[in-house]
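Those protein sequence lines, which keep their order, are chains A and B.
The letter at position 186 of the first sequence is residue 719 when you use our numbering, and the numbering goes up by one with no holes.
The letter at position 175 of the second sequence is residue 480 when you use our numbering, and the numbering goes up by one with no holes.
Glycine included, each C-beta is placed from N, C-alpha and C at the ideal position.
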Amino acid sequence: MRRLIAAFLILIFASTAAVADLRESVNALGKVKLDGLEEAIKTLAAQPGEVPAKVLGALGEGDLYVRKSDGLVVIAEEAGGAFNLTDPVSGEELGQAAKSDVSRIRINNALRRVIRAAAGGSALASPDAAKRLEAAQAVFKSRDAAALPALDEALAKETDPQVKSALELARASALLASSATDEVKEAAIATLAATGSRDVLPILSTTAEGSGPAALAAQQAISEIETTLAYWSMAQNVWFGISLGSVLLLAAIGLAITFGVMGVINMAHGEMVMLGAYTTFVVQEVIRTSFPGLFDWSLLIALPLAFLVAALMGILIERIVIRPLYGRPLETLLATWGVSLILQQAIRMIFGPTNREVGNPSWASGAFEIGQMSITYNRLWLVLFSLAVFAGLYLLLNKTSFGLQLRAVTQNRRMASAIGIKTPWVGALTFAVRSGIAGIAGVGLSQIDNVSPDLGQSYIIDSFMVVVFGGVGNLWGTLVAAMTLGIVNKFLEPFAGAVLAKILVLVFIILFIQKRPRGLFALKGRFVDA
Amino acid sequence: MRRLTYIAAALIAAIALLVPVLNLWVPPDSPFHVPDYLVPLLGKYLCFAILALALDLAWGYCGILSLGHGAFFALGGYAMGMYLMRQIGTRGVYAHPVLPDFMVFLNWKELPWYWYGFDMFWFAAIMVMLVPGLLAFVFGWFAFRSRVTGVYLSIITQALTYALLLAFFRNDMGFGGNNGLTDFKDILGFNIQAQSTRAVLFAVTALILAGFLLMLQYVVMSRLGKVMVAVRDAESRTRFIGYRVEHVKLFAFTLSAVMAGIAGALYVPQVGIINPGEFSPANSIEIVIWTAVGGRGTLVGPIIGALAVNSGKSYFTAAFPDMWLLVLGALFVCVTLFLPKGIVGTLAEWMAKRPAKKTHVPATAPATEAAQ
C-alpha cells in the first residue's frame, strides 16, 4: 500500500515537472526571434504528450499568439473583432482579448516545412495507435528526411504491427529523400517494392529519375510493381465480372427453367424482380417507422415475403395469361409483355416514378481490401447469395420428386404426361417457384441498384441473352453463361468503354447462336422442330 | 378480301388528296377545315401504318415475329435525318458550312466518311432503303440459315435493336448521341415548317402507303406469298416438300425491313426529330401490338390497328396520362387472349360464316402453332 502511494506521488511529481517543462518550451516560441524559432519548434516537438502536436498545428495555421501582458503563448480564435484565448497546455479557456493585447507568432515557408515534419514526429509518439498510424502515413507522403530521427525513435518503441509496417514504409521513403548511401537507399527501395502498392510508385519514380545504383534499383522496382499491379487489376476485373455475372445469374436463373419447362418466354419476369425489390423497400419502411432495432434483419425478413409476393403474382399470371395461351409461345410473349406494362405502371402509380432508397444493413456496407483489390461487402454477399440460390435450385431440381417431374416435363412433355405426371400442375408450380426466385433476386439487387419501376426492364434483355447463350432448362448452362458474359463484359470495358462492351457482347451472342442455336449446353434428345 | 384491300387503297389515295385540300384551301372557319396541327399528326399515324404493314408481311404472312422492327424504322429515319442535317448548311447555330451543329459542338474537325453523299437527296433516298435492307438481309441470312426460329428469333431481334439503341446513344458514333438529329430547315429546297410542305409530305406518305398496300396484295397472292403462308403454318413440312424456307423468309424479312426504313424516312421530316429512343425495344413491341389489334395476316388490319392504337394513345396521354400504359398493357393481354385474329380477322371470319353471300375465305387466320 505504501509503495502504491509512493508510486502515485512520484507520478504526480513527475507529471508536474513535465507540465512545467512543457509550459516553458511552449512559451519559448513566443520569446525567440524568427531565426531561433526552428530550434524552439524542435525542442517543443521532442516533448511527450499531445500538447506539442496541438501547438505546432496552431502555429502552422497561424492561430498561435503571445499575450503581451505576461508573455503567455496562447491559441486564439477570432470572434467578432476580438480573440477567444485558450491555454494550449492546460486546455483552459482564458476569456477574450482585444486584438491589440496579443501578437501573432509569424512563420515563413521554410518553417512551415519544419513544423509539418516536427508535428508528424511528435504525433508519432502519441499514445493512440490510430494517431500514430495517421502520422506515419503523413510522413510517408511528405517524404521528409528531417523526420528520420523521430521515425527511428518511434520504430524502436512501436509494438503495433500495422503501425510498425507503416513506420517502416515512412522511414524508407524518408531515406530516399535523404543523403543516405546507395546501399541504404537500395534497402529502402526493397522495403517499398515489397508492398507492391500503387502508393509507392511516385516515391520510386522520383528516385528513378536520378542516376546511380539506387536509381536503377528504383526503376526495376517500378516495373516489378507495375507487373504485380497488372495482375491485381486483372483479378479485380475478374471479381467485377463475377459480381456482374452473379447479378445476371440471379435475374436469369428463373427464366431458364420456365423457358425449358413450358417453352414460354415471360416478358414480365423482370417485373417479378422489381416486385421483390419493392417488397424489400416496404419491409424496410415498416422497420424504420416501427421497429428500428430490426434494421439489420430487414433483408432476411424481406426474403420470404418477396418470394411469397412474387410467387403469388406468378400464379396469377400463369392462371390468367399463360395457361389459356399454352402452345402459342409468341402470343404468350406479347401477353406477358402487356402484364409487365401493367405491373410497371401500377407500381409507378403507387410508389411514384422516382427511385426509392433501400438501405444496406450494417453487415452489407463498407469494403475490405485484399492486396490491391477492394471488395465491397454488398457485392460479396450478392455473389454468395446468388450461388446459394443456384445451389438451392439445383438441389430442388435434382434431389426432389418435384424436380424429377419437372425435368421429365422439360425433356418430353407428352411422354411425361403419358406416364402420369400432371404436366399442368408441374407447369404452374414451376412458374410459382420461378417467380418466387425472381422475387428474392429482387431483394439481392435492391442492395446494388436503384429501386425504380424500370428496375426489371434493365435486366430483361441481359437475362434473355444469358438464357440464349447458356441453353434452356440447364442450370449449369445458365451459371456458365452468366459468369462468362459478366467477365467478358468487364474485361472489354477498359478497352472499349461500357456501352461498346455491351454491344460487342450482344453481337457476339447473335453470332454465337448461329453456331449453336440451342445454346451452350443444349439438352440432348430428339425434338420436333419448334 | 382482295376487294377490301382495293377499297382501302382507294380510300387512302383519296385521303391523300382530301386532307391537303381541306387544310390549305378551305377557310379555317369552315367545318370541313383540317387544322394545321392535325396534318403532321395524321402523317405520323400513316407512317406507323406503313410500319405495321411491313411487320405484318414478316409476322402475319411469314411467321417471323420480329421484336426489332423499330430498328429498321429508325435507321431509315436516321438516313433521312442525315440528309436534312446537311441541308441546314450555314443556318445552324455555329454556321459551319459542312459540319452539323453537334459535330462542331463536339469539336470534330471534318465530316466522318459515312456522312459523305448525304447532301444529295437521291443518295439519301437510296440509303433509306439500302441500310435497313442490308442489315435485315445479313441478319436474316445468318439467323434463318441456322434455323433460329420462334421465340429465339424474337429475342435476338430484340437484342439487335437494343444493341443499336446503345450504339446510337454514344456521342462518338457521329449521329448526334442522346439528342439525335433535329432542328431541320428544309427538304428539297422547301421550308420544312411550311404548311404546304407538310401537306405535300402527308400526301406522299398516304400515296406510298396505298402503293405498298397494292404491292403486298400482289406479293401475298403470288405463288411466293402462298409459300410464305405455308412457312408460317408448317415450316418443317414446307421444307420437306422441297422449298428453300430460308430464302422465302429472307425475302419477306428484307422487304419488310425496307418498307420499315421508308416509313422512318417519311416520319422524320413530319415529326422534325429522330433520336435513339426510336430504337428502344419497347417501341418495337408496340408495333407488334398495332398489327395484332388490327389483325395480322390481313393487309388492311395492321393499318386500322396502327391508326386505332395511336389515336387512342394520343387521346389517353393527353386526357389520362397515367392510364395509357395500363390501357396498352391490357390491350396486349386482351387482344392475345380474346381477339387473336385482330379486328379485321375477326370481322372477316364473322362475315364468312354468314351463309347468304359467298365471299372469299381469307387465307388468314394464322394457325396457332398447335403442332408443337
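Query: Bridge-paired residues (DSSP) for serine 907 of chain A; Result: A/Glu902
Query: Beta-carbon gap between alanine 448 of chain B and leucine 458 of chain B smaller than 8 Å; Result: yes
Query: Chain E within 8 Å of leucine 849 of chain A, Cβ atoms only; Result: Looking at the structure shown, chain E is missing, and the protein chains on hand are A and B.
Query: Member of A/Ala747, A/Ala689, A/Thr692 and A/Gln695 whose CA lies at the smallest distance from the CA of alanine 710 of chain A; Result: A/Ala747
Query: Inter-residue Cα distance where the pair is glycine 438 of chain B and threonine 728 of chain A; Result: 59 Å
Query: In DSSP terms, what leucine 597 of chain A is bridged to; Result: A/Ile608
Query: Nearest to leucine 1008 of chain A (by Cα), restricted to the options A/Ala630, A/Ala844 and A/Ile786; Result: A/Ile786
Query: Beta-carbon separation (whole angstroms), isoleucine 594 of chain B vs leucine 636 of chain B, contact threshold 8 Å; Result: 6 Å
Query: Within-8 Å CB hit, tryptophan 830 of chain A to chain B; Result: no
Query: Under 8 Å from the C-beta of lysine 1035 of chain A: neighbouring residues of chain B; Result: Ala468 and Leu471
Query: Near-chain B residues of the stretch 940 to 957 of chain A (beta-carbon distance less than 7 Å), N- to C-terminal order; Result: none
Query: Cross-strand partners of serine 636 of chain A (DSSP beta bridge); Result: A/Val599
Query: Backbone secondary structure at valine 984 of chain A - three-state DSSP; Result: strand
Query: Leucine 863 of chain A - DSSP class collapsed to helix/strand/coil; Result: helix
Query: The alpha helix (DSSP H) enclosing threonine 619 of chain A, as first and last residue numbers; Result: Looking at the DSSP string, threonine 619 of chain A is not in any alpha helix (DSSP H); the run it does join, the beta strand (DSSP E), is 615 to 619.
Query: Rounded distance between the beta-carbons of valine 842 of chain A and glycine 972 of chain A, thought under 8 Å; Result: 6 Å
Query: Local conformation of phenylalanine 495 of chain B per DSSP, three classes; Result: strand
Query: Which residues DSSP lists as bridging threonine 487 of chain B, in chain order; Result: B/Ile578
Query: Alpha carbon of tyrosine 992 of chain A to alpha carbon of valine 696 of chain A, nearest angstrom; Result: 46 Å
Query: Cβ-based burial, lysine 718 of chain A [other Cβ within 10 Å; buried from 16]; Result: buried
Query: Enclosing beta strand (DSSP E) for alanine 669 of chain A [first to last residue]; Result: Taken as a continuous stretch (DSSP letters only), alanine 669 of chain A belongs to no beta strand (DSSP E), being part of the alpha helix (DSSP H) at 662 to 675.
Query: Minimum C-alpha distance to arginine 1051 of chain A - residue among A/Val1032, A/Phe935, A/Val1000 and A/Thr909; Result: A/Val1000
Query: Local conformation of arginine 503 of chain B per DSSP, three classes; Result: helix
Query: Proximity test, Cβ basis, 8 Å: leucine 439 of chain B and chain A; Result: no
Query: Between the CA atoms of leucine 470 of chain B and asparagine 476 of chain B - distance to the nearest angstrom; Result: 12 Å
Query: Contacting positions in the stretch 855 to 870 of chain A - beta carbon closer than 9 Å to chain B; Result: Pro857, Leu858, Gly860, Arg861, Pro862, Leu863, Glu864, Thr865, Leu866, Leu867, Ala868, Thr869 and Trp870
Query: Bridge partner(s) assigned by DSSP for glutamate 742 of chain A; Result: Answer is none; glutamate 742 of chain A lacks a bridge partner.
Query: Beta-carbon contacts of phenylalanine 673 of chain A that lie in its chain and below 6 Å, excluding the five residues immediately before and after; Result: Leu702, Ala703 and Ser706
Query: At least three beta-carbon pairs within less than 8 Å, the stretch 723 to 740 of chain A to the stretch 680 to 697 of chain A; Result: no
Query: is_contact[threonine 310 of chain B, chain A] using C-beta, thresh 8 Å; Result: no
Query: Beta-carbon neighbours of methionine 882 of chain A, restricted to chain B and to distances below 8 Å; Result: Asp627
Query: Buried or exposed (CB count within 10 angstroms, at least 16 for buried), lysine 955 of chain A; Result: exposed
Query: Inter-residue Cα distance where the pair is isoleucine 1043 of chain A and tyrosine 342 of chain B; Result: 43 Å
Query: Beta-carbon separation (whole angstroms), methionine 846 of chain A vs leucine 788 of chain A, contact threshold 8 Å; Result: Not confirmed; about 15 Å, so no contact.
Query: CB-CB length for valine 605 of chain B against valine 649 of chain B, believed under 8 Å; Result: 5 Å
Query: Neighbour list for isoleucine 574 of chain A in chain B, Cβ cutoff strictly below 7 Å; Result: Going along chain B, no residue has its Cβ under 7 Å from isoleucine 574 of chain A, so there is no contact; the nearest lies around 52 Å.
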